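Contents: one structure, followed by commentary.
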Amino acid sequence: MSPMRKGFFVDLGFCEYEPVWRLQLRLVDLRSSSAIPDTLLLVEHDHVFTLGRRASMSDVIEARAPVFKVERGGGATYHGPGQLVGYPIMDLSGMRLDVKQYIRKLESVLVKSLRRFKIETEIKEGYPGVWIGERKVASIGIAIKNWVTFHGFALNVNTDMSYFRCIRPCGMQPETMVSVKELLGAPLRLELVKEALIKEFEAEFGLNLSPFPPDKWKIIAESVGL
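If you're matching positions, the sequence shown starts at 2 in my numbering and goes up one per residue.
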C-alpha cells in the first residue's frame, strides 16, 4: 500500500462566490510552483449562478442571483445556502491521473459519502455527477491549469431547489435536480456531511488532510480579499 500523502483542507464556511473564485486561482498558482500541497476547499456559497464553458446567458431563465461566467466544464448551475461545494486544488501529474479518472474519483467520493447516510446513488457514463434514478443530487464541473485542478463539485444537501428553476441546469430540466433533504424527508446537518466527505476524499486520493497552517492561510486569504 502506498503511503498517505500530506495535504491541507480549509473549511471556508459561508462565503460569497467571487472572492473564493479568486482564491482558487491563487491556490492553483501556488500548487503549480509546489509552494503548497494538494488542498481541498469546502464552502457554502450565498445565492449565485455560474455558467461553465458550454453555457451562455440563454441558459438563465430568471437572474434571481448574481451570474458568473467561469472556466469550468459543463453548463449552468446554482450554488447557495445548504449546498456543500468542494474545490480540490490538486496536481494530477503527481498522481498520474487523467481528467476522466479524476472525475471518476470525485464521483466515487460523493457516492461513498452519501452511502454513509444510507443513500444509494450511482454514476452515469457521459453525465458527470451523482444520480439516484433519473435525478441528480451532486454536480461536477472542473477546470485544469498546468495539470492543477480547480472548481469541483456541489452536493445538494439542504438546498432551496426552487433556484434551479431559474436556469437550465447543465441543459437539463430543473426538476432533474434533487437534494439530500428531499431524499431523506428531513434536513441533514452539513457538518456531518463535511466530516464524511473529508474521510472519503482522503481514502480515495491517498491523502492525509490537515488544517491549512493559520499564519500562511491568513496571508493567502487577505491577498484575495477574504
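All C-beta atoms in this analysis are idealised placements derived from N, C-alpha and C, irrespective of residue type, glycine included. All of these numbers come straight from a predicted model, not from anything done at the bench.
Take the Cβ of residue i as the centre, count every other Cβ of all protein chains shown within 10 Å, and call the residue buried at 16 or more, exposed below.
i: residue 64; result: exposed
i: residue 38; result: buried
i: residue 170; result: buried
i: residue 141; result: buried
i: residue 73; result: buried
i: residue 114; result: buried
i: residue 103; result: buried
i: residue 99; result: exposed
i: residue 128; result: exposed
i: residue 174; result: exposed
i: residue 66; result: buried
i: residue 143; result: buried
i: residue 9; result: buried
i: residue 14; result: exposed
i: residue 76; result: buried
Taking DSSP's pairing of strands, which residues face residue i in a bridge?
i: residue 139; result: 131 and 156
i: residue 6; result: 208
i: residue 70; result: 52
i: residue 43; result: 12 and 87
i: residue 61; result: 168
i: residue 178; result: 137
i: residue 151; result: 144
i: residue 77; result: 52 and 170
Provide the residue span of the alpha helix (DSSP H) that contains residue i, from first to last.
i: residue 26; result: 18 to 33
i: residue 95; result: 93 to 96
i: residue 82; result: Counting along the chain, residue 82 falls outside any alpha helix (DSSP H), and DSSP gives it neither H nor E.
i: residue 220; result: 215 to 224
i: residue 183; result: 181 to 185
Where do the ends of the beta strand (DSSP E) carrying residue i lie?
i: residue 109; result: Looking at the DSSP string, residue 109 is not in any beta strand (DSSP E); the run it does join, the alpha helix (DSSP H), is 100 to 116.
i: residue 212; result: 208 to 212
i: residue 121; result: Residue 121 -> no beta strand (DSSP E), and no H or E assigned at all.
Cβ of residue i within 8 Å of Cβ of residue j?
i: residue 226; j: residue 20; result: yes
i: residue 195; j: residue 188; result: no
i: residue 161; j: residue 87; result: no
i: residue 91; j: residue 149; result: yes
i: residue 32; j: residue 221; result: no
i: residue 145; j: residue 93; result: yes
i: residue 120; j: residue 184; result: yes
i: residue 191; j: residue 159; result: yes
i: residue 40; j: residue 71; result: no
i: residue 213; j: residue 29; result: no
Only counting the same chain, and skipping five residues up and downstream in sequence, which positions put a Cβ closer than 6 Å to that of residue i?
i: residue 23; result: 225
i: residue 138; result: 131, 157 and 179
i: residue 209; result: 5 and 7
i: residue 201; result: 110, 113 and 114
i: residue 47; result: 17
Less than 8 Å between C-beta atoms, sequence neighbours within five positions excluded: which residues of the same chain meet that for residue i?
i: residue 69; result: 18, 19, 22, 49, 50, 51 and 52
i: residue 58; result: 52 and 68
i: residue 133; result: 120, 121, 122, 123, 179 and 184
For residue i, which residues of its own chain have a beta-carbon under 7 Å away from its beta-carbon, when the five flanking residues on both sides are left out?
i: residue 155; result: 78, 80, 84, 86, 139 and 140
i: residue 204; result: none
i: residue 117; result: 197
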